[in-house]
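Undergrad: Starting off with a structure, shown below.
In mature numbering (1 follows the signal peptide of the UniProt record, and there is no 0), the protein residues as written are -27 to -1, 1 to 281.
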């Protein structure tokens, strides 16, 4: 038992060091948080692998996730984002995954592809575990010539598209048991420890952390899971995400709500269409700042869970 608590202390201490490293990169306050730097809403509860590579293959199943997000307004070139990920437990404490993101906003088309290796270390016979994950990816950014309103042979456009694609890496770790999930991740190590700006799939997040506690119930509500997250963003102030996910009818249905200190809130619901197929619907609303220019964003996600 003493050895078990020593492991927990080491893991939490390391997470604190990660937080300290990110904080030194950029001092931040909550009052100037960037309003449009929002990741996929599925990363908080339904597909945590998007936020932390340590979550790849965290259980015995294989999971395939696809999501589509669009800003709800009539502006030409409004951002649209597509996400795809697949992860699963390979065996011998090893998990693996792949995630792909494509983002289109106006002329700019951005794609990121990453492969993930995760290691899951049991700490006891009661399900207490430490998880470590590393993702290696490539980021591609191009201007769409078909959407250029002007001379497509403009030297600046050609120069942008001739830029080298760049390599990036993500690292994450987590502690889980029957109730707690405590995690921390560096989504773009290259940007975090350099003076250059490499905008990643998450809009420039250089540190992510989260804590949640799941209450298991025996009623119409199957579970209640409150969660708090912190995102450190290069060039902006940090964002705190506070939310809760309610599982109903033996986890066949869930509803969730999140408040982000960037001035937005998210509501959503998910339900199983079939035994292994789940549909998630999310809506994010701007409560201040940019709400005169956008009516929020809608996200739809589809999940296939196999051998869970």
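For each residue, glycine too, the CB sits at the ideal point set by N, CA and C.
Per DSSP, what kind of secondary structure is residue 133 in: helix, strand or coil?
TA: Residue 133: helix per DSSP, three-state reduction.
Undergrad: Among residues of its own chain, excluding the 5 on either side of residue 115, which ones have a beta-carbon nearer than 6 Å to its beta-carbon?
TA: Closer than 6 Å at the Cβ level, and outside the excluded window around residue 115, lie 82, 134.
Undergrad: Residue 279: which of 39, 254, 250 sits nearest, CA to CA?
TA: Measuring from the Cα of residue 279, the nearest candidate turns out to be 250.
Undergrad: When DSSP builds the beta bridges, which residues end up paired with residue 84?
TA: In the DSSP output, where bridge partners are listed per residue, residue 84 has 75, 113.
Undergrad: Rounded to whole angstroms, what is the Cα-Cα separation between residue 272 and residue 19?
TA: The straight-line gap from Cα to Cα measures roughly 13 Å.
Undergrad: By a C-beta neighbour count over all protein chains shown, 10 Å radius and 16 as the cutoff for buried, is residue 283 buried or exposed?
TA: This structure gives no information on residue 283, because the portion of the chain shown stretches from -27 to 281.
Undergrad: Tell me whether residue -5 sits in a helix, a strand or coil according to DSSP, three-state version.
TA: Only weak support exists for where residue -5 lies, its pLDDT of 43 falling under 50; the value from the coordinates is given anyway. Residue -5: helix per DSSP, three-state reduction.
Undergrad: Counting Cβ pairs closer than 8 Å, one from the segment 16 to 30 and one from the segment 49 to 60, do we hit at least three?
TA: Contact holds: three or more Cβ-Cβ distances are below 8 Å.
Undergrad: Identify, in the order they occur along the chain, each residue of the same chain with its Cβ nearer than 8 Å to the Cβ of residue 94, setting aside the five sequence neighbours on each side.
TA: Cβ neighbours of residue 94 beyond the five flanking positions: 66, 102, 103, 104, 105.
Undergrad: Taking its Cβ as the centre, do 16 or more other Cβ atoms sit within 10 Å of residue 112, making it buried, or is it exposed?
TA: Under this definition residue 112 is a buried residue.
Undergrad: In angstroms, rounded to a whole number, what distance separates the CA positions of residue 270 and residue 52?
TA: Spanning the two alpha carbons is a distance of roughly 9 Å.
Undergrad: Can you look up residue 21 in the DSSP assignment and give me helix, strand or coil?
TA: Of the three classes helix, strand and coil, the one that applies to residue 21 here is helix, per DSSP.
Undergrad: Report buried or exposed for residue 156, applying the criterion of at least 16 other Cβ atoms within 10 angstroms of its Cβ.
TA: Classification for residue 156: buried.
Undergrad: For residue 33, does the count of other Cβ atoms within 10 angstroms reach 16, so buried, or fall short, so exposed?
TA: So residue 33 counts as exposed.
Undergrad: Buried or exposed, going by whether 16 or more other CB atoms sit within 10 Å of the CB of residue 118?
TA: Exposed, because fewer than 16 other Cβ atoms sit within 10 Å of the Cβ of residue 118.
Undergrad: Determine the extent of the beta strand (DSSP E) in which residue 15 is found, giving its start and end residues.
TA: Per DSSP, residue 15 belongs to no beta strand (DSSP E) and is neither H nor E.
Undergrad: Starting from the C-beta of residue 232, find all residues in its chain whose C-beta is less than 6 Å away, skip the five residues before and the five after it, and write them out in chain order.
TA: If we look at residue 232 and ignore the five residues flanking it on each side, its Cβ neighbours are 215, 238.
Undergrad: What is the rounded straight-line gap between the Cα of residue 274 and the Cα of residue 49?
TA: Cα to Cα, residue 274 sits roughly 24 Å from residue 49.
Undergrad: By DSSP, does residue 162 sit in helix, in strand, or in coil?
TA: It is helical.
Undergrad: Examine chain C for any beta-carbon lying closer than 8 Å to the beta-carbon of residue 35, and answer yes or no.
TA: Although the question refers to chain C, the structure presented lacks it and comprises just one protein chain.
Undergrad: Could you tell me how far apart the beta carbons of residue 207 and residue 179 are, in whole angstroms, since I believe they sit closer than 8 Å?
TA: That belief holds up - the Cβ atoms of residue 207 and residue 179 are roughly 5 Å apart, short of 8 Å.
Undergrad: Thinking just about the alpha-carbon of each residue, which of 44, 92, 39 is nearest to the one in residue 25?
TA: Minimum Cα distance to residue 25 is reached at 92.
Undergrad: Assign residue 119 to one of three DSSP states: helix, strand, or coil.
TA: Reduced to three states, the DSSP call for residue 119 is helix.
Undergrad: Under a Cβ-count criterion, where at least 16 other Cβ atoms within 10 Å of its own Cβ denotes burial, should residue 229 be classed as buried or exposed?
TA: Counting Cβ neighbours within 10 Å, residue 229 comes out buried, since at least 16 surround it.
Undergrad: Give me the residue from 191, 210, 151 with the minimum Cα distance to residue 224.
TA: Of 191, 210, 151, the residue nearest in Cα terms is 191.
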